[in-house]
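Following our numbering, the numbering of the sequence shown begins with -11 at its first residue and continues without gaps.
Think of the CB as a built atom: it goes at the ideal place given N, C-alpha and C, for glycine as much as any other residue.
One structure is given here, and the rest of the page talks about it.
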Amino acid sequence: MSPQLILIGAPGSGKGTQAKKIVNELGYNHVSTGDLLRAEVAKESDLGVRIKEVMDSGELVSDELVLDLLKANCAVDKSTYIFDGYPRNLVQAKDLDSALLGGVKSLAIYFEVNIDTLVERIVNRRVAPKSGEIYNLKTKPPKVDGKCDVSGEDLVHRKDDNEDTVRTRMKVFTDNIEPVIEYYESQGRLVKVDATNNLDAIFEDIKKVVK
Ligand code: AMP
C-alpha cells in the first residue's frame, strides 16, 4: 500500500490544490480538518457555533475536538489518506501517530514557501464549496467571473481569508509548526517540496515520493 500522506504547509501554500491532484490522479482519500470543521459549523449546532468563533479569529480549535472529528472520518487500515491541515502542532502530530496511524507507513510532505508571498495569494483565493475547485483571482481566475468552471456554482471568498485573519493564521502556523517539522525530520519521515514551483512540477515531486 502507498504511504499515508501528511501535508504540511502554511495557509495558501498550495497544499489544497495538490491534495486534489493526489486524489484524482493517485487515488487517495482526502481528509481536511478545516473542511470537517466547516461542515460542523454548517450544521449550526451548539458545537458548530463555538467552532465558528474560533475559526473566524484565525486561532486553532482544540486538539481533542479535531482528533475526534478525524477518528470519526478515516480508517487508515482500509484506505490511503492525505491529511490536509493536520497536524498543526506537536501534540497533534503525536496524536496522529498514536491514535490513528499506529504502525502504518506514512510520510510528511512540507510545502516550503516564503510566508510574505502567501498573504496576497490567500486574499485572492476563491473556492467552490461543492466541486472543491480552488481559484486565484490573479494566477488562476475562473473563466466566468465569480463562477466555478466545473460546476457553475458561485465562488466563495472564505470569511477567514481576509487580510487580518490571514496574518493571525500565518503567525499561528509558524509558531506551532516548527516542532512538527523537526519531529518528522528526526524520524526520517519528512520530504520537502519547493512550493514556489509551478503546480505540475510540485506534483511531479510528490509522485516520486509516493512511488
Ligand atoms: P484550514 O481550512 O486548514 O485553513 O483551516 C481553517 C481553520 O480551521 C483554522 O484557522 C483553524 O481555526 C481550524 N483548523 C483547521 N485544522 C485544524 C487543526 N488541525 N487543529 C486546530 N484547528 C484547525
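For residue j and residue i, the rounded distance between their alpha carbons
i	j	result
E192	D34	43 Å
R26	A7	18 Å
D65	D72	18 Å
A200	I165	Nothing about residue 200 can be read from this structure; the chain reaches only from -11 to 199.
E170	A116	34 Å
S139	Q175	42 Å
I97	P75	12 Å
D152	V37	21 Å
L78	L95	16 Å
A60	K118	21 Å
E173	T156	26 Å
K131	D85	42 Å
K40	L57	15 Å
E52	A87	11 Å
DSSP beta-bridge partners of residue i
i	result
L(-7)	I70 and L95
E170	DSSP, once it has assigned bridges, lists no residue as partnering E170.
H18	I70
V197	Its beta-bridge partners do not exist; DSSP assigns none.
V181	F99
D85	Answer is none; D85 lacks a bridge partner.
The ligand AMP heavy atom lying under 8 Å from the CB of residue i
i	result
M43	yes
G73	yes
S94	no
T184	no
R26	yes
T162	no
From the options, residue whose alpha carbon lies closest to that of residue i
i	options	result
G91	Y98, S1, I97 and K82	K82
V197	T5, G4, I10 and A(-2)	I10
M43	R177, D188 and K147	K147
K126	I110, C136, G120 and A63	I110
L48	R177, E100 and V160	V160
N150	P(-9), L(-5), Q(-8) and P(-1)	P(-1)
L106	M158, L58, K93 and C136	M158
V19	L55, S45, I194 and K180	L55
K206	L187, K195 and I(-4)	Here the chain comprises residues numbered -11 to 199, so residue 206 is not present and cannot be evaluated.
L89	I(-6), K199, K195 and A189	I(-6)
V101	N12, I194, N185 and G4	N185
Exercise for the section: Taking only runs that begin and end inside the stretch 39 to 77, name each unbroken beta strand (DSSP E) of 3 or more residues, in chain order. Expected result: Within the stretch 39 to 77, the complete beta strand (DSSP E) segments of 3 residues or longer fall at 69 to 72, listed in chain order.
Practice task
Mind listing, in chain order, the continuous beta strand (DSSP E) runs of no fewer than 3 residues lying wholly within the stretch 104 to 135?
Solution key: DSSP runs (the beta strand (DSSP E)) wholly in the stretch 104 to 135: 113 to 115 and 122 to 124.
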